[in-house]
Amino acid sequence: MTTRRIRRPLTMASALILAGLAVLAPVSASAEGDDDLDQTIDPNQTQGTGQVVLDQGHVDFGPTLSTGEWIVQIHDDTARPSYWRHLDDVVLKVADAAILPIPDAEAYRFLGQEPGTEVWVVPQTQNPDVVWAGWNTQEPNVIESLNLGTTLSVLGMEGPGDVVVYLQSGNFGDPQPLWSSLEPFPQQSWIEVNQHTHANWVFSEPGIYLVELQFDAELNTGESVSARDTLRFVVGDATDAEEAFGMEFDQSVIAETAAPDPSDDTAGPAADRDQDGDGTFATLIWSVVGVVAVVLVIAIIVVVTASRRAKARALAARNVKEPTE
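Numbering (mature numbering (1 follows the signal peptide of the UniProt record, and there is no 0)) for the sequence shown: -31 to -1, 1 to 294.
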């Protein structure tokens, strides 16, 4: 009886601790289980060459080690056989067949467009008339070498309009925004090893869009690796896909948004503004730490109190059983 009563507060304490630590969990860029996304990539898959414009079929971007180094590549699964391709050899063409109206629902206000506005959508569920773009961490060498997963950072987006990427579970689940040109960069997501995900990509205007990506990870050897590259989207039937091959992401945009070197005394007012932002972030972190600490203290108090009560009950029971002199 006493043991059962003590275990219950311990379980409660564990739940409180986990609830506090859950605040620190990173955003995941993985959709809920979907059998349609099950795939195994051939370890001997050929490395593609030459420039290609992909306007239909299945493609993923993701980190690979098949070339002997950690780089970002496109898994071109639009035909057989499949290929790995370097990002600067690939343009993803989003045809006018992708045009859809913005839903008239409060849940979609994060798209930044008025209800009924026509936009170009690469859907989470495959449309055979539209390129189906997703991401994976399934290159066999990556699966073998990766420790837990990788952080995907969207460092910036360039184009004539806005780009928003979001996940949605089923037809009635709430949309989960992942990355948006309407929000500050960088924007980060955690992707576990051996994951394959597709999401909704929404483009507000026709034209050429560049999305700068970076994958950071720790290998099983303890080595830290990082790779950066650019996705090229061409939106609208009238947009010239060939022009996109020669376009490069403006790296100075990333430099302007990066945190300054604390040892740089010449950073000036811009550095002061960035430090203010860092201070806000630091305040948030310490607030989270404080919440976790409070949860731990409460959990300890619960356990100690329960233990004392249990001992008191046991002592009282023993006194009752002892014969009176």
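All C-beta atoms in this analysis are idealised placements derived from N, C-alpha and C, irrespective of residue type, glycine included.
Discussion item. For a cutoff of 8 Å on Cβ pairs, would you count Ile40 as touching chain C?
Written reply: No chain C is part of this structure, which consists of one protein chain only.
Worksheet item: What do you get for Asp209, buried or exposed, if any count of 16 or more other CB atoms within 10 angstroms of its CB means buried?
Response: exposed
Worksheet entry | Inter-residue spacing [alpha-carbon to alpha-carbon] between Leu200 and Phe141 | Whole-angstrom Cα-Cα distance: 30 Å.
Worksheet entry | Nearest residue (CA-CA) to Glu75, options Gly215, Asp143, Thr190 | Asp143
Item to complete: Determine the contact status of Ser114 and Asp185, defining contact as a CB-CB distance below 8 Å.
Response: no
Fill in: Euclidean distance between Cα positions of Asp11 and Val133
32 Å
Worksheet item: What does a CB cutoff of less than 6 Å around Ala213 pick up in its chain, not counting 5 residues either side in sequence?
Response: Val60, Ile177, Arg201, Val203
Fill in: Arg49 (DSSP reduced to helix, strand or coil)
coil
Worksheet item: Would you say Pro129 and Glu174 are within 8 Å of each other, going by their C-beta atoms?
Response: Pairing Pro129 with Glu174 gives a Cβ-Cβ distance under 8 Å.
Worksheet entry | Strand pairing of Arg201, partner residues [DSSP] | Leu179
Practice prompt. Can you give me the Cβ contacts of Asp131 inside the same chain, cut-off strictly under 7 Å, excluding the 5 residues immediately before and after it?
Written response: Gly81, Ser150, Leu151, Ser173
Fill in: Cα-Cα separation between residue 303 and Tyr77, rounded to whole angstroms
Coverage of the chain is limited to positions -31 through 294, which leaves residue 303 absent and any answer about it impossible.
Item to complete: Ignore the nearest five residues each way along the sequence and tell me which others in Glu181's own chain have a CB closer than 6 Å to its CB.
Response: Leu124, Gly125, Thr199, Phe218
Worksheet item: Can you tell which of Val111, Ala168, Leu117, Thr120 has the C-alpha that lies nearest to the C-alpha of Gln137?
Response: Ala168
Discussion item. Is it buried or exposed, Asn105, if we count other Cβ atoms within 10 angstroms and call 16 or more buried?
Written reply: buried
Worksheet item: Closest by CA to Trp170, which one among Val91, Asn163, Ala64?
Response: Val91
Item to complete: Classify Gln82 as helix, strand or coil using the three-state DSSP reduction.
Response: coil
Worksheet item: Looking only at its own chain, which residues have a Cβ that is under 7 Å from the Cβ of Asp73, when we skip the five neighbours before and after it?
Response: Pro84, Gly85
Worksheet entry | Pair within 8 Å by beta-carbon distance, Gly118 and Val162 | Yes.
Fill in: Per-residue DSSP class, three states only, for Pro70
strand
Worksheet item: Closest to Gln95 by CA distance: which of Ala66, Asn13, Val41, Pro70 is it?
Response: Ala66
Discussion item. For a test of your reading of the model: does the CB of Pro155 fall under 7 Å from any non-hydrogen atom of the ligand SAH? Yes or no.
Written reply: In the structure shown, the ligand SAH is absent, as is every other ligand, since no ligand is present at all.
Worksheet item: Rounded to a whole number of angstroms, what is the C-alpha to C-alpha distance between Val22 and Glu187?
Response: For the pair Val22 and Glu187, the Cα-to-Cα distance works out to about 33 Å.
Worksheet entry | The alpha helix (DSSP H) enclosing Pro109, as first and last residue numbers | 109 to 114
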